[in-house]
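Engineer:
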Amino acid sequence: MPNGCLLNPEGSRIIFFEECINSPKPNLKIHTHLFYTNHLGEPGGYKSSEKLNIDSAWEKWNELHQKGWTEVSHNYG
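Residue numbers (my numbering): 384 to 460.
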């Protein structure tokens, strides 16, 4: 399952993927939270959130990787 966060190639945006806590396993949902970053590449300003089914979340995760987004270690929340 897509989980963690990705930073865009320019270092200007970061997106978090996390499992919805009360989402039933057969119909698993993933929250994504997109932020603008500060000069240190850390979340600086909230942009948007989305709730995706598992297939859409994998599609978005893979699409971002193909566009050059890289995994970084930040904790959401």
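Ideal Cβ placement from N, Cα and C applies to all residues, glycine included.
Helix, strand or coil for residue 445, going by three-state DSSP, please let me know.
Structural biologist: Residue mapping note: residue 445 aligns to position 62 of the sequence shown, counting from 1. Looking at residue 445 - three-state DSSP - the assignment turns out to be helix.
Engineer: On a CA-only basis, which of 399, 390 and 453 is nearest residue 435? Give me that one, please.
Structural biologist: Translated into positions along the sequence shown, residue 435 becomes position 52. Taking only the C-alpha atoms, the option nearest residue 435 is 399.
Engineer: Are residue 461 and residue 389 touching if we call contact CB-CB under 9 Å?
Structural biologist: Beyond the ends of the chain as shown, which are 384 and 460, falls residue 461; an answer cannot be given.
Engineer: Compare the C-alpha of residue 457 against each of 440, 426 and 395 and name the closest.
Structural biologist: As a position in the sequence shown, residue 457 is number 74, starting the count at 1. For residue 457, the nearest C-alpha among the options comes from 426.
Engineer: Taking only the alpha-carbon atoms, compute the straight-line gap between residue 394 and residue 454 and give it to the nearest angstrom.
Structural biologist: Numbered from its first residue, the sequence shown carries residue 394 at position 11. Numbered from its first residue, the sequence shown carries residue 454 at position 71. Spanning the two alpha carbons is a distance of roughly 12 Å.
Engineer: In the DSSP assignment, what are the bridge partners of residue 432?
Structural biologist: Translated into the one-based positions of the sequence shown, residue 432 becomes position 49. Note: residue 432 sits in a beta bridge opposite 416.
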